[in-house]
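K.L.:
Protein chains: 2
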Amino acid sequence: MAGQLSIAWILSPMVIGLIGLALAFFFYGNVKRQPIGGTETMNRIAQYIREGAMAFLTREYKVLAIYTAVVFVTLGFTLGWLAANAFVLGAFLSLLAGFCGMQAATLANVRTAEAARRGSKPNALLIALDGGAVMGLAVAGLGLVGLTAVYYSLRNNPHVMNTTLHAFAVGASSIALFARIGGGIYTKAADVGADIAGKVIEGIPEDDPRNPGVVADNVGDNVGDVAGMGADIYESMVAAIVSAVAISLTTADSVHLKSLAPGLSEIGERTLGGALPLILSGVGLAISILGIFLARVLRGSKPASVLRNCLIIPPIALTAVSAILMPLLGATQAVTICLAAGAIGGAAIGLVTEYYTAHKPIRRVADSSRTGAATNIIQGLAVGKESVIVPMLILCAVAWLSNAQLGLYGVAIAAVGMLAGTAIVMTVDAYGPISDNAGGISEMSGLGKEVRDITDELDSVGNTTAAIGKGFAIGSATLTVVALFSAYSMEITHARGPNGIPFHLELTDATVLIGVLLGAILPFWVSASTMLAVGHAAQKIVIEIARQFKEIPGLLEGTADPEPAHIVDIATKAALIEMIQPGLVAILAPTLTGFILGPTALAGMLAGSLAVGSTLSLFMANSGGAWDNAKKHIEKGDLDGHIKGGDAHKAAVVGDTVGDPFKDTSGPGVAILIKVMSVVSLLIAPLIANR
Amino acid sequence: MAGQLSIAWILSPMVIGLIGLALAFFFYGNVKRQPIGGTETMNRIAQYIREGAMAFLTREYKVLAIYTAVVFVTLGFTLGWLAANAFVLGAFLSLLAGFCGMQAATLANVRTAEAARRGSKPNALLIALDGGAVMGLAVAGLGLVGLTAVYYSLRNNPHVMNTTLHAFAVGASSIALFARIGGGIYTKAADVGADIAGKVIEGIPEDDPRNPGVVADNVGDNVGDVAGMGADIYESMVAAIVSAVAISLTTADSVHLKSLAPGLSEIGERTLGGALPLILSGVGLAISILGIFLARVLRGSKPASVLRNCLIIPPIALTAVSAILMPLLGATQAVTICLAAGAIGGAAIGLVTEYYTAHKPIRRVADSSRTGAATNIIQGLAVGKESVIVPMLILCAVAWLSNAQLGLYGVAIAAVGMLAGTAIVMTVDAYGPISDNAGGISEMSGLGKEVRDITDELDSVGNTTAAIGKGFAIGSATLTVVALFSAYSMEITHARGPNGIPFHLELTDATVLIGVLLGAILPFWVSASTMLAVGHAAQKIVIEIARQFKEIPGLLEGTADPEPAHIVDIATKAALIEMIQPGLVAILAPTLTGFILGPTALAGMLAGSLAVGSTLSLFMANSGGAWDNAKKHIEKGDLDGHIKGGDAHKAAVVGDTVGDPFKDTSGPGVAILIKVMSVVSLLIAPLIANR
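Sequence lines, in order, name chains A and B. Numbering (this note's numbering) for the first sequence: 125 to 815. Numbering (this note's numbering) for the second sequence: 125 to 815.
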């Protein structure tokens, strides 16, 4: 094995990926076999949601097809057609994963409601989990199969392979960008629009079947939290792997890489360094699959503990397996330390996020609602800002530890470790909107309190895991960006600049500093435009809902049906139009800076946007989560002397509404921004360095 | 003159500084000579405000004395007693300027009200301006005199001079930090507390004499906008000058400096490079003095245009004078270009800030209040985020242009240019709280509508100039930090690291990247803790006001007097306690990072906090300004179909309340944070580099 890694090892991630995909099919079939809704209303509403979700996806994919075609041609003429094809592959697999996941989720929601209607909580949990597992396995499986295919077929030409992998990652990133931002705008426009129109204007409760916006709200959960989140996590996993491969190929001095496998030649070491991220991600997927089966076995216990274990056990298992594998591969255990730092750090960030969005801080936010909306907002903003501190410190510790072990390659391996559990994290994430939808369907169909009690419990667990998932997604994005940034700066510093002088990315260089300031602008720009986008789109929805209540006789009295398709249509159009500006900013800013101001300014820009983007997105996601749960805290009657509908609750609803675009649109949008910028920079690095 | 700069030039800034101080005395006398309030109530209230303001200052100074003593001893044992004394001098002059300014402001407020009562708008404007001019001239005059004294006395020992100037700047920074944060917490706690208690709990209007919190609110205007702002601007001016001197002394290759005065020897060039920032600041002060006299001459015209001209003409005059001076000093006109870029850039940032806090954007915020508080908040946050873009681009352009002219020295000169108008900017800034106080005194004393009309006009102009001043302060802080950062990195890269290897601040170094992430945390930390501090302190004030209304018979009916001194006392104590945590973070974070993780991590930390701090503070300051003016827009009846007290207005009041700590506590607090961190780093650079 020394010197040349056996083909079996290199292909192992593909094999595991294919097994994952086969299991996704199995789970999909499992979900489909379950009984559909027992009442006509349930099926009608489920049908509305499914049609709305798939209609959005279809139209979004049309827009993305145009974008993909433009980039395909551009790449073909600049970096060659191999890169252009890899870009399309990376994008296509992301779309495919999103499509499969949405198919499963929109079948699973009504079936989960039906299981709850029949009184079986374990069955309901199982169906929701199986539905989520389709997305989780599709995301991880397709990503691994695609990357391994590129790696394997080009393994004898590392330089070409490197560029091709970058292009693959840009494909993944682009789709993630638009899916996340478009989906985020859709889901929150529908949510805010339906809430404002329903609660404020017409005075009817949440999820009331008379409200024409409720279906769009449920569609939005799928569009945002299944398709959007899936594309986001898929791209993080791809980017982490690609950055690790890139660093192992370009580390000129190989100071740190040399200690990776002291027994091997330099070539053998580089080969091992390039293959390890894939092999370890394959191991992560295998462990995730076992985790998903474990959850099935445990389905009789408390849903909260089932899902919690799904997030905590895999990092530990991954560490154990790596410790056994490394000697077999001839690699040092330093790899295991980096991997463990990333995996355990990711779980720790998830738990901190849970603390800030579920424990003492949200009681503080709820408490501050006693004196009105202003104090609720101030407290929520402060909690969000505070919540930045510990996760960022964890990331610093992970980066410091892994850098001490294996240099920047170690940091990339830590990112791989953090994302090795992609399949199970995504499963648990996609479980959220399914159980949320199940609750919505039950409410709209007028099912009884016992049914709601089951769906409410599943849903509330889903809310917590969603918050954990968001913190994890942003944390892993930040670490991935650090790894990508390192890969970019290595490409640049190893290139010859104009006049043959190598580039230096020194902070004493004013160009770098100007880049830092320019980069600092972008997260605020994208954040402003996505928040405004939600506002615009929500306003259109409010107007349409008001129109329906005015023009459809008997709607308010419950004797006539609303026209949800109109709302779905408005939300779809608005989301697709509004996602263009922030999307273009993310792609054009690094491209223009790189070509006009040069690679050093671009390096500064990446550092500036990393600093601002990572903190700003954590702040927004966690403020939003805290407001949301503070409102629920009051609704549950946990704030002494205050009830749902009272003044404190009204104040908390204001916070919740502000938090909606914070946590589900702007926050994730900014996180994806910094990933896209780094991936694009990595791809164009050879072009701007050798001009 | 070639080779050796004549003593006359070097001492010129001191002479102009002394003239400025003499004029400050003259204006102080002028204010004092004006008739005091014509009614007993006016004088009583003015007395309350004055006593409250001076009491706060006295107690704050006691706390600062302890801090100063600790740092004095620490510096004495590490960097020597000369540096320790310079630190105390820098701090003392800041405190002295604040004391003089507050004396003048708290005399001018009631006299301005009296002039308005007698029906003379020009006189009222004049008194308010004269009162402001005392602060403006004290800040610039004391700063210049102090710096020139240090520079002159140590000019033959550049190395010692450099460290001594850094220590002077740290003294200035420390006071600015605590005065700004403590003052910011005080003013907004009193404002929010009085508003919530008055409007929400007791249902009485703003500035109502029955509300025991109103006096504290008026005290807060002085404490925050006179003393706090003054210390802030003083430290920016000092830091800009010190960074320019430091760069001219440490530029080893002198690549760019060489083109500063092609006819001079290297020593002559360095001397000129070190003296220029002082000379140019002296010129700026002279122009500001002329500007203040011009405003006196023009006092009959519209107040808005008088103040606007005060901010626009000086940069142009400065450019013209510099163009004449440079040939006389043997320096290239590149200096003039850098200076002009900074001065005009600063004015441009002020105007952009005005746009975002007074024009179309605030109409959007007002408009969004129609659908409630949540949409008002979302829109205000989005406006603030958007408002980051153009000022940051202006700063990038200024930095790019000045760097192209004279390298990093040019960037420092641009910062000097931006702050050359310190005296007049501060005059206009301090005018704001004086006219605001005059309005408050008129209202509380029950003066007629004609009087209120005059004070309202003066006050509303003050609000706009305050917004401009805030944008300017943050913009100049950012550019100053870039200059300070450059000075720091030069100190570090010219030092020998451990093992004799020089330090490199490369972005490919994981330590630098970790520093960037650590630095990104701090602005969020300080922002969270200052917002919470306002919340805590406001809550205490609300409780005390409620107590007074309950326990003082006849207070609500207006037959008994409130006890404002209690509120003043609570606000003072709360502000002094709450300022400690953010203050320590600002000072300890760079110190600990520098000593534990080393100078490269500290460089990354400064870059990360620069990126996040500059944008976050602009965002918060401008969101706050937009909410404030959106509320006023509705109050003036400019939002169709909505009146004061209506639903849209109530929603706008929520935004205004959230905006209070945003714009006057957290925003400026974060801006000062990044300045303090850079100055502290510059001071400790020799200690951490040569360990």
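Cβ coordinates follow ideal geometry from the N, Cα and C atoms, glycine included. Source: prediction; values computed, not measured.
For the 8 Å Cβ check, are there 3 or more pairs between the region 559-568 of chain B and the region 219-238 of chain B?
P.N.:
As far as the Cβ criterion goes, the region 559-568 of chain B touches the region 219-238 of chain B, which means the pair count is three or higher.
K.L.:
Which whole-angstrom value is the C-beta distance of ILE720 (chain B) and ALA695 (chain B), which I expect to be below 8 Å?
P.N.:
Not really, about 37 Å apart at Cβ, beyond 8 Å.
K.L.:
Quick check on THR617 (chain A) - is its C-beta less than 8 Å from some C-beta in chain B?
P.N.:
It does: the Cβ of THR617 (chain A) has a partner Cβ on chain B nearer than 8 Å.
K.L.:
Less than 8 Å between CB atoms is the rule here; does LYS755 (chain A) satisfy it with respect to chain B?
P.N.:
No, because no Cβ of chain B sits closer than 8 Å to the Cβ of LYS755 (chain A).
K.L.:
Does the CB of VAL489 (chain B) have a neighbour CB from chain A at under 8 Å?
P.N.:
Closer than 8 Å: no.
K.L.:
Looking at the secondary structure, which residues open and close the alpha helix (DSSP H) in which ALA355 (chain A) lies?
P.N.:
353-374 is the extent of the alpha helix (DSSP H) around ALA355 (chain A).
K.L.:
Would you verify that the beta carbon of MET655 (chain A) is, or is not, closer than 8 Å to some beta carbon of chain B?
P.N.:
For MET655 (chain A), the answer is yes, since a Cβ of chain B falls inside 8 Å of its Cβ.
K.L.:
By alpha-carbon positions, which one of B:VAL366, B:LEU220, B:LEU145 ends up nearest to TYR612 (chain B)?
P.N.:
Ranking B:VAL366, B:LEU220, B:LEU145 by Cα distance to TYR612 (chain B) puts B:VAL366 first.
K.L.:
Strictly below 7 Å CB to CB, what residues from chain B border VAL606 (chain A)?
P.N.:
By Cβ distance, chain B contributes LEU637.
K.L.:
Please name the residue, chosen from B:PHE201, B:LEU147, B:ARG168, that lies closest to LEU811 (chain B) on a Cα-to-Cα basis.
P.N.:
Nearest of B:PHE201, B:LEU147, B:ARG168 to LEU811 (chain B), Cα basis: B:PHE201.
K.L.:
Please report how far the alpha carbon of ASP868 (chain A) lies from the alpha carbon of THR495 (chain B), in whole angstroms.
P.N.:
There is simply no residue 868 (chain A) to check, as chain A begins at 125 and stops at 815 in what is shown.
K.L.:
Give me the Cα-Cα distance between VAL575 (chain A) and ALA240 (chain A), rounded to the nearest whole angstrom.
P.N.:
Each residue's Cα considered, the two are about 5 Å apart.
K.L.:
Does the region 737-753 of chain B come close enough to the region 783-797 of chain B to have 3 or more Cβ pairs within less than 8 Å?
P.N.:
Counting Cβ pairs under 8 Å, three or more are found: they touch.
K.L.:
Please check if any C-beta of chain E sits within less than 8 Å of the C-beta of TRP524 (chain A).
P.N.:
Included in the structure are the protein chains A and B, with no chain E among them.
K.L.:
Could you work out which residues of chain A lie near THR739 (chain B), taking near to mean beta carbons separated by less than 7 Å?
P.N.:
The contacting residues are ALA644, ILE645, PHE648, VAL736.
K.L.:
Between GLN503 (chain A) and chain B, is the shortest Cβ-Cβ distance under 8 Å, so that the two count as touching?
P.N.:
Judged by the 8 Å Cβ criterion, GLN503 (chain A) is in contact with chain B.
K.L.:
Quick check on the burial criterion: 16 or more other C-beta atoms within 10 angstroms. Buried or exposed for ILE131 (chain B)?
P.N.:
Looking at its Cβ environment, which holds fewer than 16 other Cβ atoms inside 10 Å, ILE131 (chain B) is exposed.
K.L.:
Do we get a CB-CB distance below 8 Å when we pair GLY659 (chain A) with the residues of chain B?
P.N.:
Chain B, which has a Cβ nearer than 8 Å to the Cβ of GLY659 (chain A), makes this yes.
K.L.:
I'd like to confirm the pairing. Which residues does DSSP put opposite GLU630 (chain A) in its beta bridges?
P.N.:
GLU630 (chain A) pairs with B:GLU630.
K.L.:
At what residues does the alpha helix (DSSP H) containing PHE743 (chain B) begin and finish?
P.N.:
Unbroken alpha helix (DSSP H) run through PHE743 (chain B): 723-759.
K.L.:
Between the region 745-775 of chain A and chain B, which residues of the former have CB atoms less than 7 Å from a CB of the latter, in chain order?
P.N.:
Per Cβ criterion, the list is empty.
K.L.:
Does MET125 (chain B) come within less than 8 Å of chain A when only Cβ atoms are used?
P.N.:
Caution applies to MET125 (chain B), whose pLDDT of 35 falls short of 50 and renders its modelled position unreliable; the value that the coordinates give is listed next. So, not an interface residue.
K.L.:
Taking all protein chains shown into account, decide if ILE190 (chain A) is buried (16 or more other Cβ within 10 angstroms of its Cβ) or exposed.
P.N.:
With fewer than 16 other Cβ atoms within 10 Å, it is exposed.
K.L.:
Below 8 Å on the Cβ atoms is my guess for ALA750 (chain A) versus PRO485 (chain A); work out the distance and round it to an integer in Å.
P.N.:
Yes, they are in contact, since the Cβ atoms of ALA750 (chain A) and PRO485 (chain A) sit about 6 Å apart, within 8 Å.
K.L.:
Please determine, among A:SER741, A:HIS283, A:SER526, the residue with the shortest C-alpha to C-alpha distance to ALA591 (chain A).
P.N.:
Checking every option, the nearest Cα to that of ALA591 (chain A) belongs to A:SER741.
K.L.:
So which residues of chain B does LYS509 (chain A) contact, with C-beta pairs closer than 8 Å?
P.N.:
Neighbours of LYS509 (chain A) on chain B, chain order: PHE648, TRP649, SER651, ALA652, MET655.
K.L.:
Counting only beta-carbon atoms, is GLY732 (chain A) nearer than 8 Å to chain B?
P.N.:
With 8 Å as the cut-off, GLY732 (chain A) counts as an interface residue toward chain B.
K.L.:
Which residues of the region 334-363 of chain A have a Cβ closer than 7 Å to any Cβ of chain B? Give them in chain order.
P.N.:
If the cut-off is 7 Å between Cβ atoms, the region 334-363 of chain A has nothing near chain B.
K.L.:
Mind checking if MET614 (chain A) is an interface residue toward chain B, Cβ cutoff 8 Å exclusive?
P.N.:
Yes, contact with chain B.
K.L.:
So, does the CB of GLU630 (chain B) fall closer than 8 Å to a CB anywhere in chain A?
P.N.:
It does: the Cβ of GLU630 (chain B) has a partner Cβ on chain A nearer than 8 Å.
K.L.:
Tell me where the alpha helix (DSSP H) around MET703 (chain A) begins and ends.
P.N.:
No alpha helix (DSSP H) contains MET703 (chain A), which DSSP labels as neither H nor E.
K.L.:
Can you look up LEU220 (chain A) in the DSSP assignment and give me helix, strand or coil?
P.N.:
Residue state, collapsed to three classes: helix.
K.L.:
Exposed or buried, GLU390 (chain A), counting other C-beta atoms within 10 Å across all chains shown (16 or more means buried)?
P.N.:
GLU390 (chain A) should be labelled exposed.
K.L.:
Would you call the region 423-432 of chain A in contact with the region 136-156 of chain A, where contact means no fewer than 3 C-beta pairs closer than 8 Å?
P.N.:
Short answer: they don't touch.
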